[in-house]
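One structure is given here, and the rest of the page talks about it.
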Amino acid sequence: MRAVDDLIAEGVSGRRVLVRTDLNVPLDKETGAITDDGRIRASLPTLQALRDAGARVIVAAHLGRPKGAPDPKFSLAPVAARLGELLGTTVPLAADVAGDDARAKAGALADGDVLLLENVRFEAAETSKDDAERGELAERLAALAELYVDDAFGAVHRKHASVYDVAARLPHAAGRLVARELDVLTRLTTDPDRPYVVVLGGSKVSDKLAVIEALLPKVDRLLVGGGMCFTFLAAQGHGVGGSLLEADQVDTCRRLLAEAGDRIVLPVDIVAATAFSAEAETRVVPVEEIPDGLMGLDVGPRTVEVFGSALGNARTVFWNGPMGVFELAPFQAGTRGVASAVAAVDGLSVVGGGDSAAAVRQLGLDEEAYGHISTGGGASLEYLEGRELPGLAVLADRSGT
Ligand code: ADP
Ligand code: MG
983 MRAVDDLIAE GVSGRRVLVR TDLNVPLDKE TGAITDDGRI RASLPTLQAL RDAGARVIVA
1043 AHLGRPKGAP DPKFSLAPVA ARLGELLGTT VPLAADVAGD DARAKAGALA DGDVLLLENV
1103 RFEAAETSKD DAERGELAER LAALAELYVD DAFGAVHRKH ASVYDVAARL PHAAGRLVAR
1163 ELDVLTRLTT DPDRPYVVVL GGSKVSDKLA VIEALLPKVD RLLVGGGMCF TFLAAQGHGV
1223 GGSLLEADQV DTCRRLLAEA GDRIVLPVDI VAATAFSAEA ETRVVPVEEI PDGLMGLDVG
1283 PRTVEVFGSA LGNARTVFWN GPMGVFELAP FQAGTRGVAS AVAAVDGLSV VGGGDSAAAV
1343 RQLGLDEEAY GHISTGGGAS LEYLEGRELP GLAVLADRSG T
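Heads up, the sequence shown is in the working numbering, so the first residue is 983 and it goes up one at a time.
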């Protein structure tokens, strides 16, 4: 796989380079303001390196899930403004993805300029299952530039026009962010220092069963918290009250527990609440005694200790998924406690997942204390599962370059 720095070494001055980046930042529902610009900042090294080398940079990105048509709610306008501030330049926004305005603005770029295309998901073809539909959009995108760089790690698991099909149509390379993410994930999958501990949380166990299956043979401990722990607790025969439960996954969880022996570690206590609300009454209960009327919204303090001691001597840690509903103050302590224990690891600690990374920042933890905070949740999980990621496979293909 070629790197953007290889392209730069070959010379990009005056050449138009299409860069797919992941600028899918969370926006405040009321004001539309960017609430966390982590992904924009993560995109800077590649963009700056290309500018410094005199490239004419055309950035393609998506935001949210518009329904395949322009929708002002999902415009990249606030992102263009923030990107411009961070780069110290003006970043114009094309009015379309790869239409007349994008062509005109791309043609008018000077060396070192940066143009942002409008949200690629304003075109239904971007996410289409139909190769020909995606191909038509990819042709228009490819026509804007001479070279393609994929730096959108958070999207490499998607077979989308701007990720997959366009790469097949232009000489291509991986951006610095993609390279760094791959470097870290490779360290997790090839001979990690032991003990190797994985911490999983978040809301849906069904989303993460495949990664649990794939990781179990490789890890020394798998700590399970968050909403997904209740399906495991139910598999052990505990009542879980009104907590999140995926009844159709209980048998699978029971089998995994039997296979894993003591390698799967479950919570011992739970913060149970009367409602999914910051105003709810809460009570810490042992997992054997979750009352029928209450729902578990965080792991309890004894669990933080148990998980903390499993992490205490770990040399490699991957953490994905908050331990509780950290968005609400009464249910933050579990995530904060586990996040602190992960930060204290003497070795490689990796945080993956949009909400987990947001939790680290929102709870005021020191980002620098982690070995790596991944910008891609789904992408890093699929990589750890050992699946082929379309966006990476196409970059590895050197034919036509
Ligand atoms: P990530 O984005 O890091 O991969 P997920 O998207 O899987 O994480 O899960 C994050 C969500 O899980 C958060 O919004 C959090 O509120 C929710 N969550 C965590 N614990 C619980 C719980 N006990 N009950 C309901 N939701 C939970
Ligand atoms: Mg999430």
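Each residue gets a CB set at the ideal place from its N, CA and C atoms; glycine is no exception.
Everything numeric in this text was worked out from a predicted model, so none of it was measured.
Between the region 1072 to 1084 and the region 983 to 995 there are fewer than three C-beta pairs closer than 8 Å, too few to call the two in contact. DSSP places PRO1153 outside both helix and strand once states are collapsed to three, so it counts as coil. Ranking VAL1166, ALA1059, ALA1361 by CA distance to the CA of LEU1330 puts VAL1166 first.
Here the residues close to the ligand MG, judged by CB distance below 5 Å to any of its heavy atoms, are GLY1336, ASP1337 in chain order.
Taking C-beta atoms under 8 Å as the contact rule, GLY1373 and HIS1139 qualify, at a distance of about 7 Å.
The Cβ atoms of ALA1161 and VAL1131 do not sit closer than 8 Å to each other. When the beta-carbon positions are compared, ALA1341 and ALA1325 stay at least 8 Å from each other. Using a Cβ distance threshold of 8 Å, LEU1182 and LEU1215 do not count as a contacting pair.
By the criterion of a C-beta distance shorter than 8 Å, LEU1026 is surrounded in its chain by LEU1068, LEU1069, once the five residues flanking it on both sides are discounted. For GLY1184, the shortest C-beta to heavy atom distance toward the ligand ADP is below 7 Å.
Residue environment analysis places SER1362 among the buried positions, since at least 16 neighbouring C-beta atoms fall within 10 angstroms of its C-beta. Closest by C-alpha distance to CYS1211, out of ALA1192, CYS1235, PRO1283, is CYS1235. Judged by DSSP in its simplified three-state form, PRO1008 adopts coil rather than helix or strand.
Excluding its 5 nearest sequence neighbours in each direction, GLU1270 has C-beta neighbours in its own chain below 8 Å: HIS1220, listed in chain order. Under DSSP, ILE1272 takes part in no beta bridge, so it has no partner. The beta strand (DSSP E) runs lying completely inside the region 1155 to 1229 and spanning 3 residues or more are 1178 to 1182, 1203 to 1206, given in chain order. Within 7 Å of the C-beta of GLU1309 there is at least one heavy atom belonging to the ligand ADP. Bridge partners of ASP1280 according to DSSP: VAL1253.
The beta carbons of ARG1064 and ASP1019 sit closer together than 8 Å.
At least one heavy atom of the ligand ADP lies less than 7 Å from the C-beta of PRO1304. Between the alpha carbons of GLY1359 and LYS1190 lies a gap of roughly 11 Å. Nearest in C-alpha terms to THR1013, of all of ALA1037, ALA1120, PHE1056, is PHE1056. MET1305 and LEU1198 have their alpha carbons spaced roughly 19 Å apart. When DSSP states are grouped into helix, strand and coil, ASP1132 belongs to the strand group. DSSP, reduced to helix, strand and coil, places LEU1098 within a strand of the structure shown.
The ligand ADP never approaches GLY1020 closely enough for any of its heavy atoms to be under 7 Å from the residue's Cβ. ASP1147 is the residue among ASP1147, LEU1097, THR1071, ASP1133 whose C-alpha sits nearest the C-alpha of GLU1108. Taking 7 Å as the cut-off, the C-beta of GLY1243 does not count as close to any heavy atom of the ligand ADP. Every alpha helix (DSSP H) stretch that sits fully inside the region 1322 to 1371 and reaches 4 residues is listed by chain position as 1336 to 1344, 1359 to 1367. Under the three-state reduction of DSSP output, VAL1079 falls in the coil class, being neither helix nor strand.
Between the region 1040 to 1054 and the region 1093 to 1113 there are three or more inter-stretch CB-CB distances shorter than 8 Å, so the stretches are counted as touching.
According to the DSSP assignment, ALA1031 belongs to the alpha helix (DSSP H) that extends over 1026 to 1034. Residue pairing by DSSP places ARG1140 opposite no residue, since no beta bridge is assigned to it.
Within the model, the alpha-carbon separation for GLU1115 versus LYS1049 is close to 16 Å. Rounded to whole angstroms, the gap between the alpha carbons of VAL1333 and LEU1029 is 24 Å.
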